[in-house]
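**Q** Okay, handing you the structure first.
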């Protein structure tokens with residue numbers, strides 16, 4: 001069986017072999033996910049659109065730190081914003097990122113809990 005058919009994929013997955021530009025872009029995404037606070041923020045935002053205040057309460061980080069991490073995530077193109085009066089709401093840019101965050105944390109759960117991996 002060709003390797004392409006054996007790889008589990010999300011619906012509508014892009015299966016072309018990665019070139020240097022795509023590898024560099026993916027590396028940047030993983031670099032943004034490598035910070036504990038940013039990963040936690042992305043997981044929280046994956047649950048639904050949130051503002052800085054609610055993210056600060058749920059993230060256990062200072063408002064300043066949360067704001068700085070959100071700015072980095074926005075500049076990296078991983079989150080988008082929507083203004084409603086004085087509030088700015090954050091949401092994930094796309095479903096690819098949502099699945100990536102959820103899969104990374106599911107993988108971590110298996111490693112921490114000792115559950116056998118699965119596909």
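Numbering (full-length UniProt numbering), first residue to last: 1 to 119. Positions of the beta carbon are idealized from the N, C-alpha and C atoms, including for glycine.
Since I believe residue 89 is in contact with residue 49 (beta carbons under 8 Å), could you give me their beta-carbon distance rounded to a whole number of angstroms?
**A** Rounded, the Cβ-Cβ distance is 5 Å, consistent with contact.
**Q** Taking the C-alpha atoms as reference points, what is the distance between residue 54 and residue 45?
**A** Approximately 10 Å, taken between the alpha carbons.
**Q** What are the start and end residues of each continuous alpha helix (DSSP H) run of 4 or more residues lying completely inside the UniProt domain "HTH arsR-type" (18-112), in chain order?
**A** Segments of the alpha helix (DSSP H) lying fully in the UniProt domain "HTH arsR-type" (18-112): 20-33, 36-46, 52-59 and 63-75.
**Q** Less than 6 Å between C-beta atoms, sequence neighbours within five positions excluded: which residues of the same chain meet that for residue 65?
**A** Correct list: empty, nothing qualifies.
**Q** Given a threshold of 16 other Cβ atoms within 10 Å of its Cβ, counted over all protein chains shown, does residue 32 qualify as buried or as exposed?
**A** Result: buried.
**Q** Could you round the C-beta distance between residue 76 and residue 28 to whole angstroms and report it? I think they count as a contact, below 8 Å.
**A** Rounded, the Cβ-Cβ distance is 7 Å, consistent with contact.
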